Amino acid sequence: MEKKSKPPFYVTTPIYYVNDVPHIGHAYTTIIADALSRFMKMSGREVFFLTGTDEHGQKVEKAAAEHGVDPKAWADRVVVRFFDLWKALDCEPDFFIRTTMDLHEKGVQKLFQILLDKGDIYKGEYKGWYCVSDENFLTEDIALEKDGTKICPDCGRKAQVVSEETYFFRLSAYQQKLLDHYASHPQFVRPQSRMNEVTSFVRGGLKDLSITRTTVKWGIPVPGDPAHSIYVWFDALHNYVTGIGYDRDPALFKKFWPASIHLIGKDILRFHAVFWPAFLMASDLPLPDCVFGHGWWLKDEAKMSKSKGNVLDPYVLIHAMGPDPLRYFLLREIPIGLDGNFSHEGFIHRVNSDLANDLGNLVSRALTMIRNYFAGTIPEPGPEEPADADVRKAFEETKDRAIAQYESYALNKALEEIWAFITAVNKYLADNAPWKLHKDPALHPRLARVLLTAAASLRGTAALVAPVLPGSAQKIWEYLGESGSVRDVRFDLLAFDSPGLGQAVRAPEPLFPRVDLKAFLAEETKPAKESAMDEQKPLTPEQPSAPQPPIPAPPVVPAAPAKPLVTYDEFAKMEFRVAHVIEAVKVEGAKKLLKLRIDLGTEQRQIVAGVAETYTPEQLLGKKFIVIANLQPAVIRGVESQGMLLAAVAGDKSAIPFFEADVPAGAKVK
Ligand code: MSP
Numbered sequence: 300m301e302k303k304s305k306p307p308f309y310v311t312t313p314i315y316y317v318n319d320v321p322h323i324g325h326a327y328t329t330i331i332a333d334a335l336s337r338f339m340k341m342s343g344r345e346v347f348f349l350t351g352t353d354e355h356g357q358k359v360e361k362a363a364a365e366h367g368v369d370p371k372a373w374a375d376r377v378v379v380r381f382f383d384l385w386k387a388l389d390c391e392p393d394f395f396i397r398t399t400m401d402l403h404e405k406g407v408q409k410l411f412q413i414l415l416d417k418g419d420i421y422k423g424e425y426k427g428w429y430c431v432s433d434e435n436f437l438t439e440d441i442a443l444e445k446d447g448t449k450i451c452p453d454c455g456r457k458a459q460v461v462s463e464e465t466y467f468f469r470l471s472a473y474q475q476k477l478l479d480h481y482a483s484h485p486q487f488v489r490p491q492s493r494m495n496e497v498t499s500f501v502r503g504g505l506k507d508l509s510i511t512r513t514t515v516k517w518g519i520p521v522p523g524d525p526a527h528s529i530y531v532w533f534d535a536l537h538n539y540v541t542g543i544g545y546d547r548d549p550a551l552f553k554k555f556w557p558a559s560i561h562l563i564g565k566d567i568l569r570f571h572a573v574f575w576p577a578f579l580m581a582s583d584l585p586l587p588d589c590v591f592g593h594g595w596w597l598k599d600e601a602k603m604s605k606s607k608g609n610v611l612d613p614y615v616l617i618h619a620m621g622p623d624p625l626r627y628f629l630l631r632e633i634p635i636g637l638d639g640n641f642s643h644e645g646f647i648h649r650v651n652s653d654l655a656n657d658l659g660n661l662v663s664r665a666l667t668m669i670r671n672y673f674a675g676t677i678p679e680p681g682p683e684e685p686a687d688a689d690v691r692k693a694f695e696e697t698k699d700r701a702i703a704q705y706e707s708y709a710l711n712k713a714l715e716e717i718w719a720f721i722t723a724v725n726k727y728l729a730d731n732a733p734w735k736l737h738k739d740p741a742l743h744p745r746l747a748r749v750l751l752t753a754a755a756s757l758r759g760t761a762a763l764v765a766p767v768l769p770g771s772a773q774k775i776w777e778y779l780g781e782s783g784s785v786r787d788v789r790f791d792l793l794a795f796d797s798p799g800l801g802q803a804v805r806a807p808e809p810l811f812p813r814v815d816l817k818a819f820l821a822e823e824t825k826p827a828k829e830s831a832m833d834e835q836k837p838l839t840p841e842q843p844s845a846p847q848p849p850i851p852a853p854p855v856v857p858a859a860p861a862k863p864l865v866t867y868d869e870f871a872k873m874e875f876r877v878a879h880v881i882e883a884v885k886v887e888g889a890k891k892l893l894k895l896r897i898d899l900g901t902e903q904r905q906i907v908a909g910v911a912e913t914y915t916p917e918q919l920l921g922k923k924f925i926v927i928a929n930l931q932p933a934v935i936r937g938v939e940s941q942g943m944l945l946a947a948v949a950g951d952k953s954a955i956p957f958f959e960a961d962v963p964a965g966a967k968v969k
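Okay, so the sequence shown: first residue is 300 according to the working numbering, each after it adds one.
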């Protein structure tokens, strides 16, 4: 019988406003999406994972004005923080959409026009209370305050009365169609509590929706009527179709639309579960399978948000222990639908108990014994005994249950299943005491069987945790002597043991060092000097629309004849600083040269670098490297160079040492 191929999987996050720096709340949605994307890939599905930024509207206009720059320049500055954070968290979207991209703006205008032609969009007059912060008109049932104003129920800020000529979307015509859809697709809104909320809202009646503004200039112009800008939510929601090729790449669009899951925070449920499906119905596009409204991360029992001043900077945790502990904690601690209160105590406790103790110790104990007792290679084992068979069986069952949980988006439960297995393997080792078996050479075949069982368990565990702990899973994979990437494992082919286990295991390094709570809290409450939250980020030009091509491998550098020694004083005269690249172009007529505009924190400069035979201008955008900042300016091929970057050079090839860490532009290098 022909095997049915699995359907493609398309997962999205909300596109984040560029009026804010990303915090742990934003990171949460993107981490869920990344884990699902990795899981589905390992399940053999073709996957598309989309995230991006929401760059139009009054909020962004306002934030830009406050910083004295135009909105696009502001968006260019803030978007880098999102790129950097996703990279630091090992999140790998397939595409990063910005609503200021041409491909998006054109798509939105086209969809607007279609609805206009159809009569689902019409022109009228709107007067109502509008919340600038949430970009939302307040519903009429909200009562007036004593001072005659209305307060936005979502953010608690004062709303303003806005009156203007506007285009309306005929939302009222979709009330029954939406209710029918909810009834026939009970999984359309998840969890169930959110479906109930949405259904009762729609049952309460839907009014037509104002979808343009004349008061907001920073937006996509209405086709043929540019005095009107398209309302930021009509603009933003369509990123989910423009981001996978609507009107641009029919094959891609056909493959992935409709989305399998739109992951959103519960704050934006109505937009996604009412307006968005109505827009799609009007454009005759199929509806997504599921809108999943996850809970909020709270700090001190309040939703983390910049306005409340209780946001947590993910970099503090990433710098201290890498991305995996944060990914694990956020996904393990609460079911996706519920709220969670973030406490550092809770975080450290989980890292120490689940990661350092349970998993980290198992890896280091098992591998150290294989190395100490068998020089790293397990010999022919003795027969499988019932205790070993139980572990094998437990793995098979864990695998099935964990996969089923991942598939239903219950990531915390998938991890619970895997950790129950890890606990069982730790117990198995304690019960079978390899350290005792080792003392009697006659028991070495038994010892080999026990350690083989432990190694097979670790191999299977590495694959199962890979969607959530990609970096650590890969390390375990490599410590076991496995070749390639754990992400290439396909779950339907994942067996408990493998011929690969005859190979030598490597010396493991501690995967998750235990964290001392007191020391950590002392460090955490210091001013976040290394944090990305407050740093001045560079202005960048239009970012590449897809993940950047890999940077070429460094060339082999032949040993150069040594130069005479310099004194410390001579060396101290040189001023080395961190530069962020904000623009890169080729120098006309010079095949080796690139002209770079760099940010040195306090100023921007232009330098000329002879690296064009190794790097394209796009590959250098947003990169951070060291420059000599106090070098006499020089004119190279008619272009002034105000400094010099450092690179290894071999023949025509060069290799620039880039900073991976989030170092601010202009930082001194000593
Ligand atoms: N730009 C709109 C979304 C448009 S989608 C077509 C927006 N942006 S936002 O930046 O304000 O928030 C986006 C999302 O960030 C929220 O829906 C949620 O997914 C996530 N979170 C922001 N703060 C959060 C918490 N404190 N906790 C959990 N998630 C939170 O709304």
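Quick reminder that beta carbons are idealized off the backbone N, C-alpha and C, glycines included.
Just so it is clear, the structure is predicted and the values come from calculations on it, not from any experiment.
Item to complete: Quick one: grab the DSSP three-state call for S663.
Response: helix
Worksheet entry | Presumed contact (8 Å Cβ cut-off) between G639 and G594, rounded CB distance | 7 Å
Item to complete: Can you grab the Cα-Cα spacing for the pair R547 / D401, in whole Å?
Response: 11 Å
Worksheet item: Can you find at least 3 beta carbon pairs, one from the segment 740-749 and one from the segment 303-314, that sit closer than 8 Å?
Response: no
Worksheet item: Rounded to the nearest angstrom, how far is the Cβ of L349 from that of F411, given a contact under 8 Å?
Response: Not quite, the Cβ-Cβ distance comes to about 21 Å (not below 8 Å), so this is no contact.
Worksheet item: With distances taken from CA atoms, which of L611, Q918, A334, L864 is nearest I881?
Response: Q918
Worksheet item: Which of helix, strand or coil does DSSP assign to T438?
Response: coil
Discussion item. I want to check one thing, is the minimum distance from the CB of D612 to the heavy atoms of the ligand MSP below 7 Å?
Written reply: no
Discussion item. Let's test the definition: count the other Cβ atoms within 10 Å of the Cβ of P740 and tell me whether it reaches 16, buried, or not, exposed.
Written reply: It is exposed - the Cβ of P740 has fewer than 16 other Cβ atoms within 10 Å.
Discussion item. Just list the residues that DSSP pairs D524 with in beta bridges.
Written reply: V521
Worksheet item: Going straight from the alpha carbon of D898 to that of C451, what length do you get?
Response: 40 Å
Practice prompt. Tell me whether L392 counts as near the ligand MSP, meaning its Cβ is closer than 7 Å to at least one heavy atom of that ligand.
Written response: What sits at residue 392 in the sequence shown is Pro, not Leu. No.
Fill in: Where V497 falls: helix, strand or coil (DSSP)
The answer is helix: DSSP assigns V497 an H, G or I state.
Discussion item. Is the beta carbon of V515 closer than 8 Å to that of S499?
Written reply: No.
Discussion item. When you measure from the CB of A535 to every non-hydrogen atom of the ligand MSP, does any distance come out below 7 Å?
Written reply: yes
Worksheet item: Relative to the C-alpha of M580, which residue among M620, L470, W532 is closest?
Response: L470
Worksheet item: What separation, rounded to the nearest whole angstrom, lies between the Cα atoms of D566 and D433?
Response: 10 Å
Worksheet entry | Beta-carbon contacts of L820 that lie in its chain and below 7 Å, excluding the five residues immediately before and after | H643
Item to complete: Check each candidate in K405, A946, G937, P685 and name the one with the smallest Cα separation from V540.
Response: K405
Worksheet item: When every heavy atom of the ligand MSP is checked, does at least one fall within less than 7 Å of the C-beta of D319?
Response: At least one heavy atom of the ligand MSP is found less than 7 Å from the C-beta of D319.
Worksheet item: With distances taken between CB atoms, is the gap from G390 to D333 smaller than 8 Å?
Response: What sits at residue 390 in the sequence shown is Cys, not Gly. Yes, Cβ-Cβ distance for C390 and D333 is below 8 Å.
Item to complete: Apply the 10 Å Cβ neighbour rule to P857 and answer buried if 16 or more other Cβ atoms are within range, or exposed otherwise.
Response: Residue placement at P857 is poorly supported in this model, since its pLDDT is 31, which falls under 50; the coordinates are not used for a value here.
Worksheet item: Where does H879 sit, in a helix, a strand or coil, going by DSSP?
Response: It is a strand residue.
Worksheet item: Who pairs with F381 in a beta bridge, going by DSSP?
Response: F381 pairs with nothing; no bridge assigned.
Practice prompt. Tell me whether E959 is buried or exposed, calling it buried when 16 or more other Cβ atoms sit within 10 Å of its Cβ.
Written response: Answer is exposed; the Cβ neighbour count stays below 16.
Worksheet item: Going along the chain, which residues of its own chain have a beta-carbon closer than 7 Å to the beta-carbon of P525, five neighbours each way excluded?
Response: none
Worksheet item: Got a sec, what are the start and stop residues for the beta strand (DSSP E) V540 sits in?
Response: Counting along the chain, V540 falls outside any beta strand (DSSP E), though it belongs to the alpha helix (DSSP H) covering 538-541.
Worksheet entry | Y316: CB within 7 Å of a non-hydrogen atom of the ligand GTP | Ligands present in the displayed structure are limited to the ligand MSP, and the ligand GTP is not among them.
Discussion item. Using CA atoms only, rank isn't needed, just tell me which of K698, D453, Y466 is closest to K602.
Written reply: D453
Item to complete: Use the C-beta contact count for V460: other C-beta atoms within 10 angstroms, 16 or more gives buried, fewer gives exposed.
Response: exposed
Fill in: Cβ-based burial, I441 [other Cβ within 10 Å; buried from 16]
exposed
Fill in: Between the CA atoms of F436 and G427 - distance to the nearest angstrom
7 Å
Worksheet item: Exposed or buried, which one is E716 when buried takes at least 16 other CB atoms within 10 Å?
Response: buried
Item to complete: Answer yes or no: the CB of P370 versus the heavy atoms of the ligand MSP, is any distance below 7 Å?
Response: no
Worksheet entry | For V488 and A572, the rounded distance between their alpha carbons | 7 Å
Item to complete: Just confirm the distance between the C-beta atoms of R397 and G351, as a whole number of angstroms; I'd bet it's less than 8 Å.
Response: Indeed they touch by this definition, with Cβ atoms about 6 Å apart.
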